[in-house]
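Engineer:
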Amino acid sequence: MSFLKHLSRRQVKDGIHVAFDNCVTRFFLWRRPSYGKRYDISLCAIFKNEAPFLREWIEYHHMVGVDHFYLYNNNSEDGFRDVLQPYQERGWVTLADWPHNQDQMGAYRHFYENCRDQTQWACFLDIDEFIVPRYHTDLHDWIRTMDRFPVIVVYWQMFGTSGRLRHDYSRYVIEQYTVSWDRLYHVGKCFFNTDYDIARFDATTHHLTSVLVPVAGTSLRRRIGPVDPSRRFVKAARPGGSQLGSEREYRRKTIQINHYWSKAWEVYEMKRQMTDVYFKENPKKDLAYFYRHEHNNRAADRVIFRFLMQLKLTAGENAQGNG
2 MSFLKHLSRR QVKDGIHVAF DNCVTRFFLW RRPSYGKRYD ISLCAIFKNE APFLREWIEY
62 HHMVGVDHFY LYNNNSEDGF RDVLQPYQER GWVTLADWPH NQDQMGAYRH FYENCRDQTQ
122 WACFLDIDEF IVPRYHTDLH DWIRTMDRFP VIVVYWQMFG TSGRLRHDYS RYVIEQYTVS
182 WDRLYHVGKC FFNTDYDIAR FDATTHHLTS VLVPVAGTSL RRRIGPVDPS RRFVKAARPG
242 GSQLGSEREY RRKTIQINHY WSKAWEVYEM KRQMTDVYFK ENPKKDLAYF YRHEHNNRAA
302 DRVIFRFLMQ LKLTAGENAQ GNG
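If you read the sequence shown in our numbering, its first letter stands for residue 2, the second for the next number, and so on.
#1: Does the Cβ-Cβ distance between aspartate 198 and arginine 222 come in under 9 Å?
#2: Going by DSSP in three states, glycine 161 sits in which element: helix, strand or coil?
#3: Evaluate threonine 219 with the Cβ neighbour count: other Cβ atoms within 10 Å of its Cβ, from every protein chain shown; 16 or more gives buried, anything less gives exposed.
#4: CA-CA distance, alanine 108 and histidine 69?
#5: How would you label aspartate 229, buried or exposed, when you count the other beta carbons within 10 angstroms and need 16 or more for buried?
#6: Put threonine 315 into one of helix, strand or coil per three-state DSSP.
#7: Alanine 46 to phenylalanine 29, Cα distance in whole Å?
#8: Can the beta-carbon of glutamine 121 be found closer than 9 Å to that of proline 215?
#9: For isoleucine 59, is the beta carbon positioned less than 8 Å from some heavy atom of the ligand FMN?
#10: How many Å lie between asparagine 115 and glutamine 105 at the Cα?
#11: Just curious, the alpha helix (DSSP H) that tryptophan 58 is in, first and last residue?
#12: Alpha carbon to alpha carbon, what distance is there between phenylalanine 192 and arginine 149?
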């Protein structure tokens with residue numbers, strides 16, 4: 002038990018809560034959503050100068066089952082409105098201007114307070130993140146296998162530059178970047194059931210959402226966090242380093258989020274010169290920060306390629322429909 006002296010009081014407390022949830026709470030979570038809201042699954046994102054990447058991100062996620070997109074523009078100076086207009090006209094996108102710098106959480110809170118009643122499930126996602134079901138082809142089918150749990154965390158599969166100095170804007174992001182970390186990262190994003198109140202808005206809200214769940218037979222509510230795709234309650238970080246588990250455990254995962262963290266060097270270099278939607282001091286300015294991520298790219302992951310041809314055909318049809 003000597004390892005306990007190296008843990009903070011909060012870490013010990015969180016560990017006890019997670020153990021209790023895995024041993025007890027999980028057996029009392031049987032209330033499934035009614036799916037009576039306007040949308041079943043929606044994404045909420047804040048973006049800054051992401052016009053070249055918005056179309057692929059929207060087309061891909063709509064193809065795999067996302068019903069609606071709530072997008073917040075943070076002082077973009079590119080042609081994002083031209084990109085988004087067809088999707089607004091089609092009813093896929095709700096767009097709002099969010100001029101407040103380093104206020105990502107404020108945008109998320111605005112969505113939550115004004116739009117949560119429109120969608121059964123929501124996820125705070127970035128434009129460089131793509132949700133990839135490994136076996137299902139529709140997120141509706143996947144989420145119904147998990148929907149007795151109020152919050153589900155999906156872990157990142159991290160991708161780097163794949164050795165590319167320049168990005169080819171005539172090709173899809175998911176097609177160009179295949180060199181990845183060899184394990185899932187211990188950080189991800191969460192789907193949360195909007196029937197439950199989010200317990201707090203802070204730096205952990207989009208990575209490790211917690212909600213308030215009624216305690217049976219009382220007027221009390223208890224805060225619980227997410228389960229992972231294996232239906233285990235988890236805490237912020239797992240022991241043993243930043244990457245998760247064994248190859249066998251990785252193969253058991255039913256879903257991942259491909260995080261195209263840098264893309265080609267020229268794209269990353271542009272982001273180094275920009276202000277960030279969250280950090281007051283952009284960490285990308287530190288070149289060592291870049292290399293710490295890039296040097297972890299020791300494998301290749303093409304799971305998303307199972308959707309690549311469908312994306313090319315579907316996005317092409319949608320573009321013709323707008324022409």
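By construction, the Cβ of each residue, glycine as well, lies at the ideal position given by its N, Cα and C atoms.
Structural biologist: Looking at the atomic coordinates:
#1: Here the question's residue 198 lines up with position 197 in the sequence shown. Here the question's residue 222 lines up with position 221 in the sequence shown. In contact: aspartate 198 and arginine 222 (Cβ atoms closer than 9 Å).
#2: If you number the sequence shown from 1, residue 161 lands on position 160. Annotated three-state conformation of glycine 161 is coil, per DSSP.
#3: The count along the sequence shown starts at 1 and reaches residue 219 at position 218. Threonine 219 should be labelled exposed.
#4: Here residue 108 corresponds to residue number 107 of the sequence shown, with the count starting at 1. Here residue 69 corresponds to residue number 68 of the sequence shown, with the count starting at 1. Our two residues, alanine 108 and histidine 69, have alpha carbons roughly 16 Å apart in a direct line.
#5: Along the sequence shown, one-based indexing puts residue 229 at 228. Buried is the call here.
#6: The residue you call residue 315 lines up with position 314 of the sequence shown. Three-state DSSP puts threonine 315 in a helix.
#7: Within the sequence shown, numbered from 1, the residue matching residue 46 stands at position 45. Within the sequence shown, numbered from 1, the residue matching residue 29 stands at position 28. Taking the straight line joining both Cα atoms gives about 32 Å.
#8: On the sequence shown, position 120 is the one that residue 121 refers to. On the sequence shown, position 214 is the one that residue 215 refers to. No, they are not a contact pair.
#9: Looking for the ligand FMN in the displayed structure turns up nothing, as the structure carries no ligands at all.
#10: As a position in the sequence shown, residue 115 is number 114, starting the count at 1. As a position in the sequence shown, residue 105 is number 104, starting the count at 1. Between the alpha carbons of asparagine 115 and glutamine 105 lies a distance of about 16 Å.
#11: The residue labelled residue 58 in the question sits at position 57 within the sequence shown. Membership of tryptophan 58 in the alpha helix (DSSP H) is indicated by the continuous run 52–64.
#12: Locating residue 149 in the sequence shown gives position 148, where the first residue counts as 1. Locating residue 192 in the sequence shown gives position 191, where the first residue counts as 1. The alpha-carbon atoms of arginine 149 and phenylalanine 192 are separated by roughly 12 Å.
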